[in-house]
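Per our numbering, the sequence shown starts with residue 1, numbered consecutively. Note that beta-carbon positions come from the ideal geometry of N, C-alpha and C, so glycine has one too. Note that the structure is a prediction, hence the values are computed from the model and not measured.
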Amino acid sequence: MTAADALSLPRTTATAARVLRQLRHDPRTIALMILVPCVMLFLLRYVFDGSARTFDTIGASLLGIFPLITMFLVTSIATLRERTSGTLERLLAMPLGKGDLIAGYALAFGAVAVVQSALATGLAVWFLDLDVIGSPWLLLLVALLDALLGTALGLFVSAFAASEFQAVQFMPAVIFPQLLLCGLFTPRDAMHPVLEAISDALPMSYAVDAMNEVLRHADLTTAFVRDITVVAGCALLVLIVGAATLKRRTA
């Protein structure tokens with residue numbers, strides 16, 4: 001391992017600062033990341049205006065799913081745009097390790113994810129009256145981890161797309177199966193055994209399970225700790241694999 005390959009805090013934070021400066025000049029992307037989950041939750045609440053119990057049942061789950069999806073889309077497209085424009089190749093020609101680059105992007109988008117998750121959680125709990133037995137801070141923790149997982153997945157798939165359209169095409173392959181099998185529409189133990197086994201290997205399933213634990217239990221449960229550990233571990237694993245597969249030269 002060379003000095004450039006070793007993870008460096010100054011290089012990582014410099015990369016994160018550069019990404020945040022770019023985002024500051026792109027209000028449409030900021031609006032997509034921060035406001036869209038809030039708008040979706042707001043619409044969902046009044047779609048079920050006559051059935052508040054239904055909103056309570058699925059609202060907590062979607063509080064984690066919406067940030068994951070938006071961060072996946074924005075991160076994959078933004079990273080691919082820099083790769084196809086040659087920015088990543090120029091950066092990696094400098095004394096900048098691939099780990100520094102991936103960690104810097106994750107740190108920058110993670111900072112945005114904190115704001116996004118806080119706004120969505122606050123809106124759902126204190127304005128839309130989402131009824132949860134557990135602590136809203138635990139909801140915020142799961143929403144944040146889901147957003148970070150979406151960021152990690154977006155960084156990972158951007159390495160395999162040749163255009164922004166192809167990056168969007170990864171969504172049906174990466175996000176939709178998890179959405180269908182995560183237990184949002186039907187309990188996972190009621191699925192076909194093969195699908196249940198597949199769902200056990202998908203991180204979104206554990207994100208939904210963690211949200212449901214907060215929804216139903218006042219105290220911190222062992223199942224909740226297991227679920228958020230799996231989500232956080234998957235996000236970290238995807239970031240490590242993304243750094244390992246990142247090419248120093250664009251095709």
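Is the beta carbon of residue i less than 8 angstroms from the beta carbon of residue j?
{"i": "I198", "j": "V115", "result": "no"}
{"i": "L239", "j": "L155", "result": "yes"}
{"i": "P37", "j": "A167", "result": "no"}
{"i": "A207", "j": "V112", "result": "no"}
{"i": "I102", "j": "A243", "result": "yes"}
{"i": "M211", "j": "A60", "result": "yes"}
{"i": "A147", "j": "P67", "result": "yes"}
{"i": "M71", "j": "G122", "result": "no"}
{"i": "D100", "j": "R21", "result": "no"}
{"i": "A223", "j": "E213", "result": "yes"}
{"i": "S158", "j": "T79", "result": "yes"}
{"i": "I228", "j": "I69", "result": "no"}
{"i": "L140", "j": "A118", "result": "yes"}
{"i": "A108", "j": "V241", "result": "no"}
{"i": "D209", "j": "G233", "result": "no"}
{"i": "I65", "j": "L179", "result": "yes"}
Mark residue i as exposed unless 16 or more other C-beta atoms lie within 10 angstroms of its C-beta, in which case mark it buried.
{"i": "I133", "result": "exposed"}
{"i": "A17", "result": "exposed"}
{"i": "F55", "result": "buried"}
{"i": "T186", "result": "exposed"}
{"i": "L237", "result": "exposed"}
{"i": "D189", "result": "exposed"}
{"i": "Y105", "result": "buried"}
{"i": "L9", "result": "exposed"}
{"i": "V231", "result": "buried"}
{"i": "A152", "result": "buried"}
My output table needs one value for residue i: the three-state DSSP class, helix, strand or coil.
{"i": "G64", "result": "helix"}
{"i": "M204", "result": "helix"}
{"i": "T2", "result": "Confidence is the limiting factor: at T2 the pLDDT is only 46, short of 50, which leaves the residue's position unreliable and the question unanswerable from this model."}
{"i": "S8", "result": "coil"}
{"i": "T221", "result": "coil"}
{"i": "V132", "result": "coil"}
{"i": "A251", "result": "Note on A251: pLDDT 47, under 50, position unreliable in the model; the coordinate value appears next. Coil, per DSSP."}
{"i": "L184", "result": "coil"}
{"i": "L153", "result": "helix"}
{"i": "I198", "result": "helix"}
Could you say which of the options lies nearest to residue i if we only look at CA atoms?
{"i": "L145", "options": "R21, L63, L44, L130", "result": "L63"}
{"i": "L41", "options": "I175, L80, F127, F109", "result": "F127"}
{"i": "R216", "options": "A31, L32, R53", "result": "R53"}
{"i": "E164", "options": "P27, L44, L23, V74", "result": "V74"}
Quick check: does the Cβ of residue i come within less than 7 angstroms of any heavy atom belonging to the ligand PLP?
{"i": "I102", "result": "Absent from the structure shown: the ligand PLP. Ligands present: none."}
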